[in-house]
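Asks:
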Amino acid sequence: MDFTFTEEQQMMAGAFRELLDDLCSPEALRAAAEKRGDESGARWARIAELGLPGVLAPEAAGGMGLGDTDFVLIAEEAGRAALPEPLVEQAGIAVPLLAGLAPHAPRAAEILAQAASGALRVAVGAPGNPFVLGAAQAGVLLLADGDEVHLVERAGVGLVAQPSIDTLRALARVEWQPSAATRLVSGAAGRTAWARAFERGALYAAAQCLGLTQRMIDIAVAYACERTQFGRPIGSYQAIKHHLATVQVKLEFARAHVYAAAARVVDADQRAAAAVSSAKLAAGDAAELAARTGIQVHGAMGYSWEVDLHFYMKRAWALIGSWGDRSFHMRRVQSLVLGGSLPLGSDQTFVRS
Amino acid sequence: MDFTFTEEQQMMAGAFRELLDDLCSPEALRAAAEKRGDESGARWARIAELGLPGVLAPEAAGGMGLGDTDFVLIAEEAGRAALPEPLVEQAGIAVPLLAGLAPHAPRAAEILAQAASGALRVAVGAPGNPFVLGAAQAGVLLLADGDEVHLVERAGVGLVAQPSIDTLRALARVEWQPSAATRLVSGAAGRTAWARAFERGALYAAAQCLGLTQRMIDIAVAYACERTQFGRPIGSYQAIKHHLATVQVKLEFARAHVYAAAARVVDADQRAAAAVSSAKLAAGDAAELAARTGIQVHGAMGYSWEVDLHFYMKRAWALIGSWGDRSFHMRRVQSLVLGGSLPLGSDQTFVRS
Amino acid sequence: MAIDLRYTPEQQAFRAEVRAWMAAKVPKEPLASLDTAEGAVQHRAWERTLNEGRWGMVTWPREYGGRGCNLVEWLIFEEEYYRAGAPGRLNQNGIFLLGPTLMEFGTPEQKARYLPPMAAGEEVWAQAWSEPQAGSDLAALRATATREGDTYVLRGHKIWSSRAVFADWAFGMFRTDPGSEKHKGISFVLFPLKHPGVRVRGIPQIDGETGFAEIYLEEARVPVANRLGAEGQGWHIAMATAGFERGLMLRSPARFQMTAKRLIELYRRHAAAAEPGLASAVAQAWMDAEAYALNTYRTATRLMAGGSIGVEASLNKIFWSELDLAMHRAAMSLLGARAELEKHAPDAGDVGNWLDGFLFSLAGPIYAGTNEVQRNIIAERLLKMPR
Amino acid sequence: MAIDLRYTPEQQAFRAEVRAWMAAKVPKEPLASLDTAEGAVQHRAWERTLNEGRWGMVTWPREYGGRGCNLVEWLIFEEEYYRAGAPGRLNQNGIFLLGPTLMEFGTPEQKARYLPPMAAGEEVWAQAWSEPQAGSDLAALRATATREGDTYVLRGHKIWSSRAVFADWAFGMFRTDPGSEKHKGISFVLFPLKHPGVRVRGIPQIDGETGFAEIYLEEARVPVANRLGAEGQGWHIAMATAGFERGLMLRSPARFQMTAKRLIELYRRHAAAAEPGLASAVAQAWMDAEAYALNTYRTATRLMAGGSIGVEASLNKIFWSELDLAMHRAAMSLLGARAELEKHAPDAGDVGNWLDGFLFSLAGPIYAGTNEVQRNIIAERLLKMPR
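Residue numbers (the working numbering), protein chains in the order written: chain A, 4 to 356; chain B, 4 to 356; chain C, 399 to 785; chain D, 399 to 785.
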């Protein structure tokens with residue numbers, strides 16, 4: 004029983020954070036927002052240099068061969084920075100999906116190394132998500148037709164862009180025709196592959212929400228310490244302090260859910276489902292509260308494009324609805340816990356099937 | 004369109020309040036609590052002298068011939084005082100129930116005047132409430148057998164006392180045998196009578212919750228102004244101020260619901276049902292929050308029997324579960340409003356069938 | 399029974415009149431946002447149409463373009479206005495805030511000069527309350543009005559002026575006594591926005607629009623007659639204006655009842671997938687919108703009987719702002735994966751204006767005096783708790 | 399992967415050992431409340447039984463009656479303790495608060511004197527923190543310990559001493575420097591309750607029991623050797639004790655997980671009548687109880703790896719107290735008309751201990767440092783906001 008991150012894990016996340024402080028400065032985000040989803044190839048290249056797209060790829064495919072408890076800290080940092088490029092979706096979902104299919108599907112094996120190095124951009128259209136993130140910028144797409152997993156070239160699909168309030172997210176509905184040539188797997192293998200992809204999607208959306216929450220707290224605290232009203236910094240008023248402390252409490256306990264879900268997402272069983280849904284709800288709720296509190300603390304200033312807060316708020320709102328919205332995850336927990344299929348009790352918390 | 008109380012209505016409530024300040028002092032409540040439900044005949048007599056049991060009885064039966072918008076302020080005062088005797092149940096439920104049945108049931112007509120004068124104590128066992136309040140002290144009981152309304156002598160029933168945390172409430176399960184001799188009405192007449200009684204029960208429980216909320220705020224404010232910590236009265240801290248202001252907001256808008264429900268409870272239609280449920284929920288929620296906030300403001304002192312707060316908290320908790328609990332009323336509103344049977348829109352608020 | 403919650407035949411006839419007029423005149427297609435240049439033009443045209451029907455500000459005396467309606471008639475008017483889906487009021491800073499203030503503090507000349515074109519929508523007003531260092535703490539303001547004979551020379555920097563980009567006039571507070579501090583030595587001054595020495599710069603908002611602006615005053619000269627009330631009385635007048643802002647008129651119940659109705663319709667479409675707590679949240683929203691309506695009628699008829707409005711304004715402000723936020727949060731939850739879409743997205747479905755409304759509702763607890771300040775007011779003035 | 403959320407075989411064996419012992423020894427019938435005379439006797443007997451099995455305080459060194467268990471073993475022990483429905487700990491002020499404090503600040507003699515009978519439940523401890531004018535503001539305390547040679551003469555009035563009615567000893571703070579103010583000149587002193595000059599008066603509670611007491615100290619004389627730490631170091635020691643109170647040990651996650659399980663069972667019995675929001679409230683309670691457990695394991699393994707606990711204690715305190723309140727409020731709603739019944743009422747049905755628990759949960763945000771104070775601590779120490 005050990006629930007701590009290693010020094011190496013923390014160092015890798017720290018290095019990524021430093022890079023992002025540079026790559027995702029407010030000026031950089033403002034520039035990216037104006038291009039609305041035309042991401043910077045330069046930023047992607049810098050991230051790929053760190054090897055991050057391949058964290059979850061086997062070493063044989065040129066990856067790092069690491070696990071979800073390694074990548075969860077990376078996803079958190081991507082959230083904290085409101086990274087415009089869909090690194091989390093490629094490295095956290097597409098790459099392990101390809102790696103899982105590689106033994107059964109030669110075409111998956113073929114592109115895995117390119118995906119892991121970041122040379123090839125891979126977008127994912129998973130069941131449960133109506134839109135695909137980063138489809139326009141991808142080289143290939145992994146798409147669902149029922150249980151089947153298909154691999155399709157970007158040139159082979161039509162895209163209907165769906166503008167998001169988060170102008171750093173390039174969303175699209177994908178129009179395409181499945182065929183035997185595009186199919187990687189079907190049946191139970193496909194179902195399992197998509198189920199795992201969906202759980203990772205929800206887990207890493209939750210991890211990003213942790214980072215976003217921390218960032219929104221940091222911005223609000225900085226503003227509250229600087230802005231004065233009635234002759235005192237507003238951060239010295241109890242009402243402001245208590246609002247922000249409440250967000251911090253929510254964040255801390257959301258962390259426990261997210262890190263625990265990272266440790267068991269591979270199990271893909273009922274308990275993993277409950278853990279992932281708990282993580283998604285807790286982190287999403289923390290981020291939602293952080294956004295609201297951030298606006299309250301900033302007053303009218305929070306509405307200004309010049310204040311950075313809005314980048315993180317919008318990303319939070321977008322992620323809360325992605326990879327299963329609040330209703331989906333709450334109903335799933337209710338079905339498992341109230342419905343009686345999950346054994347209850349404190350001795351069950353760490354049971355794995 | 005007039006949503007104000009007359010001077011006469013306010014004066015009658017004011018006179019009752021003054022009497023209760025005398026009759027329900029903390030010492031008097033403490034004494035009553037020790038006797039656990041053996042109410043003071045002297046207190047009842049003083050209240051009866053004011054004619055209050057007969058507010059809703061016709062003048063021909065010696066009553067005041069007034070309406071629910073008159074009695075609602077009386078019920079509010081009874082709540083504010085945590086009055087041990089079930090005046091509200093007798094005057095607000097039993098008397099109009101008897102008055103409604105009198106034209107069809109001679110025995111109801113016979114006892115109406117005695118009930119209105121307070122000479123006879125009448126307890127009510129309505130459908131939806133598992134227990135009867137004040138049964139042991141009543142001369143007669145109005146009891147339900149399906150849709151039928153029965154009038155039974157106290158001597159003709161067995162009582163199984165059910166101790167409440169509110170030691171000022173004498174609750175019992177009533178064991179009895181319905182017979183043709185005890186039956187006042189049956190069928191549709193009985194169903195309508197019980198439906199009206201239930202709506203009034205819920206309405207006046209809500210009205211009492213208003214008074215209880217105001218009293219709990221008053222007690223907490225007085226304590227917060229007097230108690231000092233860190234060299235200042237605790238009532239000067241923003242956190243305490245904001246907690247109490249939040250209760251006051253809830254109270255104010257609960258008032259609007261309760262007074263509006265009083266004006267339409269006689270309609271006994273869907274819109275009246277929605278109004279009564281809204282009132283019960285809003286006033287109950289306000290009282291629940293007032294109790295929690297009261298305890299928070301008092302700190303450990305709130306747990307002490309010597310501090311008066313607990314009388315009002317316990318009454319609030321008891322009333323929240325009576326005459327339809329939170330779930331009953333919330334589900335009723337959902338069925339009417341989300342289910343689509345109630346027309347929606349701002350021009351519908353005051354529509355009456 | 400004095401409480402009588404029924405409309406009189408006259409009130410019913412009034413409702414019918416409003417309803418018929420709105421049915422005939424309200425634009426069939428929604429106008430562009432009033433925070434865009436195109437929308438501002440469209441909304442000015444709508445205000446002209448309204449005024450032709452003498453509906454610009456029904457509670458005002460006829461001499462100023464109104465109908466002399468009482469508060470219940472005003473509530474009925476608003477109910478029908480929202481029911482008809484009529485456009486937002488471009489001139490709300492004028493009609494709801496400055497209008498009542500002028501009525502109370504203006505000279506006969508000022509009323510005659512400013513009120514009729516305000517009701518007609520010919521002169522659109524912006525507020526100029528905040529300054530960069532004076533937000534909730536308005537008393538920290540620094541802008542000055544220096545008297546030179548019959549002229550004030552205005553200098554300073556106002557910010558968060560809603561609607562100022564497309565408005566004609568603004569009202570604000572200026573220090574007329576240069577050595578004064580806090581609430582003293584402040585005067586309430588009206589000034590044109592298209593005027594030498596006045597520069598307006600829109601503030602880009604997070605939704606890309608410019609509902610707010612900064613106003614730079616660089617030796618803008620206006621007649622002393624533009625001052626409302628006495629010199630140095632500005633704080634007192636501004637507090638009255640703030641009371642109007644929080645009070646009965648700015649947020650009519652019909653607005654929230656309309657949102658509640660739309661939320662219920664949204665819920666019904668998404669009920670199958672919604673987590674159960676949303677059913678209770680939506681029912682609660684309906685009840686709270688009703689409570690706000692009921693309470694407003696309660697206050698309105700009390701005022702008509704000679705009462706006055708005090709701390710109720712603070713109670714109202716907290717209640718409607720939290721209700722509005724709760725309704726929009728529930729809507730965002732119901733919209734799920736589509737909640738992030740802009741309303742013109744091809745697959746926006748029933749997203750409609752919910753996202754815009756959500757952004758706006760987040761501001762509810764802030765503007766017109768933050769809810770924190772309102773809670774202080776309730777605690778100190780109503781509950782008599784120590785400062 | 400360093401994170402490994404699996405128990406070792408040794409930990410599994412430890413769980414099996416605890417489970418077997420508890421199955422054999424836990425009383426089949428619930429004991430009377432430990433705030434009654436009868437219950438106090440029964441609970442003392444249970445503490446003796448526990449100690450016979452060497453389960454009095456498993457984390458303590460063997461020399462003091464413990465087993466030298468690490469924090470994960472402690473968590474496992476607590477899980478099995480609650481799973482077995484074992485009685486509440488009569489001596490929690492001793493074992494969870496004073497015990498760790500003695501371990502850190504006591505002399506070898508003091509540890510040898512006090513810890514073994516504490517673990518054995520032979521000496522039951524009460525805390526004597528608050529005074530009538532010093533609640534959250536402990537620094538305002540007035541009780542004095544006047545030194546006369548090797549003796550302290552204690553004078554003062556302590557209040558809200560939990561468990562003092564049936565306890566043997568108490569620990570508290572006294573001014574040893576009569577001219578001192580606030581945090582200075584305070585010492586931490588242990589004193590017997592059955593002792594000349596010490597008078598204990600139970601405070602009747604709203605539930606009719608006497609879990610709290612007042613302690614009147616009228617020239618009670620104790621040896622100077624009863625002082626913990628140096629003279630004047632009392633505040634520093636007391637803050638450490640308060641840290642233990644809020645910290646890891648007082649509220650083990652198993653307690654809340656057990657409540658969540660009971661709440662789910664209650665929900666299932668009442669689901670047909672429950673308003674839909676309760677389904678979400680109950681599911682949320684389960685998730686939050688799991689979060690508290692997960693976070694405690696996170697902290698525990700961090701501490702085992704050499705970390706220290708700081709502001710986390712304040713985060714924990716807020717979280718568990720709000721969780722406990724939310725669970726009991728949901729239970730009260732589910733119980734509906736029966737929620738007001740005392741547990742011995744003939745028709746109490748499944749009311750059980752929910753009402754007692756609800757009353758107790760209302761105190762959660764107050765004791766061990768109010769949640770308001772905890773939020774200040776988080777804001778000022780963790781978020782570095784200005785005082």
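We treat Cβ as the ideally placed atom computed from N, Cα and C, and that holds for glycine.
Out of D/Thr-608, D/Ala-777 and D/His-441, which one is the CA nearest neighbour of D/Ala-518?
Replies: Checked all of D/Thr-608, D/Ala-777 and D/His-441; the closest Cα to D/Ala-518 is D/His-441.
Asks: Does C/Gln-440 come out as helix, strand or coil in the three-state DSSP assignment?
Replies: In this structure, C/Gln-440 counts as helix in the three-state DSSP scheme.
Asks: Quick check on A/Gly-342: does DSSP put it in helix, strand or coil?
Replies: Coil at A/Gly-342, not helix or strand.
Asks: Going residue by residue through the segment 493 to 517 of chain D, where are the continuous alpha helix (DSSP H) segments of at least 4 residues, counting only ones entirely within it?
Replies: As far as the segment 493 to 517 of chain D is concerned, its whole alpha helix (DSSP H) runs of at least 4 residues are 497 to 503 and 506 to 517.
Asks: Just confirm the distance between the C-beta atoms of D/Ile-371 and A/Leu-347, as a whole number of angstroms; I'd bet it's less than 8 Å.
Replies: Outside the displayed span of chain D (399 to 785) sits residue 371 of chain D, for which this structure offers no information.
Asks: Are at least three pairs of beta-carbons, each pair with one atom in the segment 673 to 680 of chain D and one in the segment 741 to 750 of chain D, less than 8 Å apart?
Replies: Verdict: no, contact absent.
Asks: Given a cut-off of 8 Å on the beta-carbon distance, is the pair A/Leu-292 and A/Lys-253 in contact?
Replies: Yes, they are a contact pair.
Asks: Kindly list, in the order they appear in chain C, the residues whose Cβ is closer than 7 Å to that of A/Ile-168.
Replies: Result: Glu-738, Glu-740 and Leu-753.
Asks: Along the chain, where does the beta strand (DSSP E) that runs through C/Val-587 open and close?
Replies: Its beta strand (DSSP E) spans residues 584 to 590.
Asks: Who are the Cβ neighbours of D/Arg-465 in its own chain at under 7 Å, not counting the five residues just before and after it?
Replies: Cβ within range, chain order: Arg-452 and Val-456.
Asks: Can you name, in chain order, every residue of its own chain whose Cβ lies under 7 Å from the Cβ of B/Asp-270, other than the five neighbours on each side?
Replies: Around B/Asp-270: Arg-355 and Ser-356.
Asks: Tell me where the alpha helix (DSSP H) around B/Glu-255 begins and ends.
Replies: Looking at the DSSP string, the run of the alpha helix (DSSP H) that includes B/Glu-255 is 241 to 267.
Asks: Classify B/Ser-280: buried if its beta carbon has 16 or more other beta carbons within 10 angstroms, exposed otherwise.
Replies: Counting Cβ neighbours within 10 Å, B/Ser-280 comes out buried, since at least 16 surround it.
Asks: For the segment 89 to 152 of chain B, which segments carrying the beta strand (DSSP E) assignment without a break, of at least 3 residues, lie completely within its bounds, in sequence order?
Replies: List check, beta strand (DSSP E) in window: 125 to 128 and 143 to 148.
Asks: Do C/Tyr-614 and C/Val-587 have their beta-carbon atoms positioned less than 8 Å apart in this structure?
Replies: Not in contact: C/Val-587 and C/Tyr-614 (Cβ atoms no closer than 8 Å).
Asks: Name, please, each residue of chain B whose Cβ falls closer than 9 Å to the Cβ of C/Met-656.
Replies: Result: Gly-348 and Ser-349.
Asks: Alpha carbon to alpha carbon, how far is D/Arg-487 from D/Ala-618?
Replies: Rounded to the nearest angstrom, the two C-alpha atoms are 28 Å apart.
Asks: Using 10 angstroms around the beta-carbon of C/Pro-485, count the other beta-carbons present and answer buried if the total reaches 16, otherwise exposed.
Replies: Classification for C/Pro-485: buried.
Asks: What residues are listed by DSSP as bridge partners for C/Trp-377?
Replies: Lying before the first or after the last residue shown, residue 377 of chain C is absent from chain C, which here runs from 399 to 785.
Asks: So for D/Trp-789, helix, strand or coil by DSSP?
Replies: Residue 789 of chain D lies beyond the range of chain D shown here (399 to 785); nothing can be said about it.
Asks: If we define contact as Cβ-Cβ less than 8 Å, is D/Pro-590 a contact residue for chain B?
Replies: Not one chain B Cβ lies under 8 Å of D/Pro-590.
Asks: Mind checking which residues open and close the beta strand (DSSP E) that includes D/Arg-553?
Replies: Counting along the chain, the beta strand (DSSP E) containing D/Arg-553 begins and ends at 549 to 560.
Asks: What's the C-alpha gap between B/His-313 and B/Ala-139?
Replies: Rounded to whole angstroms, B/His-313 to B/Ala-139 spans 24 Å at the Cα level.
Asks: Just to confirm, is the Cβ distance from A/Asp-311 to A/Pro-106 under 8 Å?
Replies: Not a contact, by the Cβ cut-off of 8 Å.
Asks: Measure from the alpha carbon of B/Ala-321 to the alpha carbon of each residue in D/Ala-729, D/Gly-734 and D/Asn-714, then state which is nearest.
Replies: Nearest C-alpha to B/Ala-321: D/Gly-734.
Asks: Compare the C-beta of C/Glu-408 against all C-beta atoms of chain B and say whether one is closer than 8 Å.
Replies: Cβ-Cβ to chain B under 8 Å: no for C/Glu-408.
Asks: If I follow the unbroken beta strand (DSSP E) through A/Arg-230, where does it start and stop?
Replies: It is not in any beta strand (DSSP E) - A/Arg-230 carries neither H nor E in the DSSP assignment.
Asks: If you measure between the beta carbons of B/Ile-222 and B/Gly-287, is that distance less than 8 Å?
Replies: Going by C-beta atoms, B/Ile-222 is not nearer than 8 Å to B/Gly-287.
Asks: Measure the alpha-carbon distance for B/Gly-17 versus C/Trp-684 and round it to whole angstroms.
Replies: Rounded to whole angstroms, B/Gly-17 to C/Trp-684 spans 33 Å at the Cα level.
Asks: Nearest CA to the CA of A/Ala-118: which residue from A/Pro-109, A/Ala-108 and A/Pro-99?
Replies: Nearest of A/Pro-109, A/Ala-108 and A/Pro-99 to A/Ala-118, Cα basis: A/Pro-99.
Asks: What are the start and end residues of the alpha helix (DSSP H) that includes D/Ile-776?
Replies: Taken as a continuous stretch (DSSP letters only), D/Ile-776 belongs to no alpha helix (DSSP H), as it is neither H nor E.
Asks: Helix or strand or just coil, what does DSSP make of C/Pro-621?
Replies: Strand, per DSSP.
Asks: Identify the contact partners of A/Gln-241 in chain B, using a Cβ-Cβ distance below 7 Å as the criterion.
Replies: The contacting residues are Tyr-240, Gln-241 and Ala-242.
Asks: Please state if the CB of B/Ala-175 and the CB of B/Val-135 are separated by a distance shorter than 8 Å.
Replies: Yes, they are a contact pair.
Asks: Considering only their Cβ atoms, is the gap separating B/Glu-62 from B/Gln-211 smaller than 8 Å?
Replies: In this structure, B/Glu-62 does not lie closer than 8 Å to B/Gln-211 by Cβ.
Asks: Under three-state DSSP, which class holds A/Arg-172?
Replies: Residue state, collapsed to three classes: coil.
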